[in-house]
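Those protein sequence lines, which keep their order, are chains U and F. Going by our numbering, the first residue of the first sequence is number 64, and it counts up by one from there. Going by our numbering, the first residue of the second sequence is number 448, and it counts up by one from there. Report on the structure given below.
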Amino acid sequence: DAKTTQPTSMDCAEGRAANLPCNHSTISGNEYVYWYRQIHSQGPQYIIHGLKNNETNEMASLIITEDRKSSTLILPHATLRDTAVYYCIVYNAGNNRKLIWGLGTSLAVNP
Amino acid sequence: DVKVTQSSRYLVKRTGEKVFLECVQDMDHENMFWYRQDPGLGLRLIYFSYDVKMKEKGDIPEGYSVSREKKERFSLILESASTNQTSMYLCASSSYTGGVQPQHFGDGTRLSIL
Chain U
64 DAKTTQPTSM DCAEGRAANL PCNHSTISGN EYVYWYRQIH SQGPQYIIHG
114 LKNNETNEMA SLIITEDRKS STLILPHATL RDTAVYYCIV YNAGNNRKLI
164 WGLGTSLAVN P
Chain F
448 DVKVTQSSRY LVKRTGEKVF LECVQDMDHE NMFWYRQDPG LGLRLIYFSY
498 DVKMKEKGDI PEGYSVSREK KERFSLILES ASTNQTSMYL CASSSYTGGV
548 QPQHFGDGTR LSIL
């Protein structure tokens, strides 16, 4: 299974864009990039996923490099409620539907 | 919205007890999962099920069993609880349409074994 590398922690000012990087240099062609976040004392929450193209939804944007070896999750206007641990996961749909979780990035949004 | 409900937010049990953790989802999802989450170790998959009465071992099944008698309900059983099973337990569900549907999580059960 492809592994991911994320910074342990990041800070962001409220109202600014938060850009969370993820490296997945061993990703293979049929593996998707998923992003989840976990707010303190809650279960993980799905944010977005993509295969090759950039994706956007009401929560965030996902930018995947052309070689697919890295990606960036963008929260366009971070709020205090976006303070959470963000997980980048490479998912192989054929791998018994298992997600392989790392330790994520702890994002602190500051007033 | 998908709702995954875990029966308890906090639970305290004693070593040797048989412990049942219950999870119910309301979206008719085929797949259901049980994870445990520990500081410094992240989420680890214990068991999952892709259909009623079907189960597959995850990465750390030892000391656990599961039951799925109905599609909406997935139970995790600690046959004889031990202190090293003190943890946060998370249940998730997903639909299976080509295998790329996201997992939806409950808010977890924080289990303490004394």
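For each residue, glycine too, the CB sits at the ideal point set by N, CA and C.
Kindly indicate if chain F contains any beta-carbon less than 8 Å away from that of Tyr97 (chain U).
yes
Any C-beta of chain F within less than 8 Å: which residues of the region 102–121 of chain U qualify?
Ser104, Gln105, Gly106, Pro107, Gln108, Tyr109, His112
Same chain only: Cβ atoms within 8 Å of Leu561 (chain F), ignoring 5 sequence neighbours per side
Val459, Lys460, Arg461, Thr462, Thr530
Do three or more CB pairs link the region 103–115 of chain U to the region 132–150 of chain U at distances below 8 Å?
yes
On the three-state DSSP scale, how would you describe Arg491 (chain F)?
strand
Kindly indicate which residue of U:Ile152, U:Pro139, U:Thr142 has the alpha-carbon position closest to the one of Asn86 (chain U).
U:Ile152
Pick from F:Ser540, F:Ser455, F:Gln484: whose alpha carbon is nearest that of Cys518 (chain F)?
Looking at the sequence provided, one finds Lys at residue 518 (chain F) rather than Cys. Of the candidates F:Ser540, F:Ser455, F:Gln484, the one whose C-alpha sits nearest the C-alpha of Lys518 (chain F) is F:Ser540.
Asn116 (chain U) - DSSP class collapsed to helix/strand/coil:
coil
Using a beta-carbon distance below 8 Å, is Leu143 (chain U) in contact with chain F?
no
Distance, Gly505 (chain F) Cα to Leu83 (chain U) Cα
29 Å
How would you list, in chain order, the residues of chain F whose beta-carbon sits under 8 Å from the beta-carbon of Gly165 (chain U)?
Gly489
Give the single residue among F:Lys465, F:Asp475, F:Trp481, F:Phe467 whose Cα lies nearest to the Cα of Gly553 (chain F).
F:Trp481
Hey, would you say Lys450 (chain F) sits closer than 8 Å to Glu526 (chain F), going by beta carbons?
no
Is Lys161 (chain U) close to chain F, meaning its C-beta is less than 8 Å from at least one C-beta of that chain?
yes
Which partner residues of His551 (chain F) appear in the DSSP bridge assignment?
F:Ser540
Return the chain-ordered list of same chain residues with a C-beta closer than 7 Å to the C-beta of Thr142 (chain U), the five sequence neighbours on each side being excluded.
Glu77, Val172
Could you name the residues of chain U that Phe552 (chain F) contacts, counting a contact when the two beta carbons are closer than 9 Å?
Tyr99, Gln101, Gln105, Gly106, Pro107, Gln108, Tyr109
Assign Asn478 (chain F) to one of two classes, buried (16 or more other C-beta atoms within 10 Å of its C-beta) or exposed (fewer than that).
buried
Of all the options F:Tyr494, F:Ile524, F:Glu509, F:Tyr511, which has the alpha carbon lying nearest to the alpha carbon of Glu503 (chain F)?
F:Tyr494
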